[in-house]
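Student: Sharing a structure, written as C-alpha cells. Questions coming.
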C-alpha cells in the first residue's frame, strides 16, 4: 500500500489552565488559534487528509470566528459539517484521548499513517513535519523534541535529589507520527492509562519511538503567560 499520511489536529481541550480565556476564541494576528495549525498542514502536499477535532459548541463558534474572505474554504468546510475530501471536522470527546481517538477513527481507510498535533501549538514547523514524514517510512512511531538548554534536577520534597544528564533529555513536542493501525491499537489497549502524550502509548506497547529535531518556537499555549510569548513569536515570523 502506498504511503498516505493524514493529520489529526486536536482542538477540543477545555483550556482550564488558561483561566477564563477560552482557546476557541483566542486569536493570533486576528486569526483563530486552531487556524494557524490547520494552515501549516494544509500547505504540505504530502498530507492527504486533515481532521480538525473541535468541541461541539466550538464547531458553531468556529463558523463565526472565520471571516468570509481569507478563510472562506475552511469556513465552508465547517459550515457543511466537515464533509470535504481532504478536510473533516469531528466532535471531540470528554478527554484528550477520546478526542484523539475520534480523530484517528475519522481518517480515511486509504490513510495508513497518522500525524497527531495539538491545536494549542500554532507554530509547528514545515521542516519538522517533513522530517517526521521521512522517518515514518522507516519507523512506525516518530516524535519531535528539542534538547534542554537548562540544567535538570530531580527534586524530592523541595530538595535536589539528583542531577539528570542533560545530553539525554529531550523536551517532547507535537506533531507526532505513527503507523495508523499501531496507534489505534495502542489507544484501544492503553487508552485508559494516564499518559502524557501519544508516544507514551507506543512505549507501553514495548516499541521504540524515533525522535527528530523539533523547533524551539513550537510552544504549547497552556498558561496565560504563554499568550504573550505566542504573540511575540507570531509578530516575528
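In our numbering, the protein residues as written are 13 to 249.
Each residue gets a CB set at the ideal place from its N, CA and C atoms; glycine is no exception.
1) So for residue 104, helix, strand or coil by DSSP?
2) In terms of residues, what are the limits of the beta strand (DSSP E) holding residue 193?
3) Among 169, 22 and 131, which one has its Cα closest to the Cα of residue 104?
4) Buried or exposed: which applies to residue 249, given that a residue is buried once 16 or more other Cβ atoms fall within 10 Å of its Cβ?
5) Give the range of the alpha helix (DSSP H) segment to which residue 144 is assigned.
6) So, is residue 50 buried or exposed, given that buried needs 16 or more other C-beta atoms within 10 angstroms?
7) Taking all protein chains shown into account, do 16 or more other C-beta atoms lie within 10 angstroms of the C-beta of residue 250, making it buried, or fewer, making it exposed?
8) Does the distance from the CB of residue 224 to the CB of residue 138 come in under 7 Å?
9) Nearest-angstrom Cα distance between residue 154 and residue 221?
10) Let me confirm a value: residue 206 is counted as buried when at least 16 other C-beta atoms fall within 10 Å, else exposed. Which label applies?
11) Which first and last residues belong to the alpha helix (DSSP H) in which residue 129 is found?
12) First and last residue of the beta strand (DSSP E) that includes residue 168?
13) Within its chain, find whatever has a CB closer than 7 Å to the CB of residue 111; leave out the 5 residues flanking it on each side and keep chain order.
14) Assuming contact is defined by CB atoms lying nearer than 7 Å, are residue 157 and residue 188 in contact in what I supplied?
15) Can you list, in chain order, the residues of its chain whose CB lies under 6 Å from that of residue 5, leaving out five sequence neighbours each side?
16) Please report the distance separating the alpha-carbon of residue 178 from that of residue 228.
17) Does DSSP classify residue 152 as helix, strand or coil?
18) Where does residue 157 sit, in a helix, a strand or coil, going by DSSP?
19) Just curious, the alpha helix (DSSP H) that residue 245 is in, first and last residue?
Tutor: Reading it off the structure:
1) The answer is coil: DSSP assigns residue 104 none of H, G, I, E or B.
2) Where residue 193 is concerned, there is no enclosing beta strand (DSSP E), although the alpha helix (DSSP H) it sits in stretches over 192 to 202.
3) Looking at the Cα atoms, 22 is the closest of the given residues.
4) So residue 249 ends up on the exposed side.
5) Unbroken alpha helix (DSSP H) run through residue 144: 138 to 148.
6) So residue 50 counts as buried.
7) A query on residue 250 cannot be resolved here, the shown segment of the chain reaching from 13 to 249 and no further.
8) Not a contact, by the Cβ cut-off of 7 Å.
9) Here the alpha carbons of residue 221 and residue 154 stand approximately 5 Å from one another.
10) Residue 206 comes out exposed.
11) For residue 129, there is no enclosing alpha helix (DSSP H); the residue is found in the beta strand (DSSP E) stretching over 125 to 130.
12) According to the DSSP assignment, residue 168 belongs to the beta strand (DSSP E) that extends over 165 to 168.
13) The answer, listed in chain order, is 22, 24, 65, 104 and 105.
14) 7 Å or more divides the Cβ of residue 157 from the Cβ of residue 188.
15) It is not possible to answer for residue 5, since the shown part of the chain is limited to 13 through 249.
16) Approximately 16 Å between the Cα atoms of the pair.
17) In this structure, residue 152 counts as coil in the three-state DSSP scheme.
18) Look at residue 157 here: in three-state DSSP terms it is strand.
19) 236 to 248 is the extent of the alpha helix (DSSP H) around residue 245.
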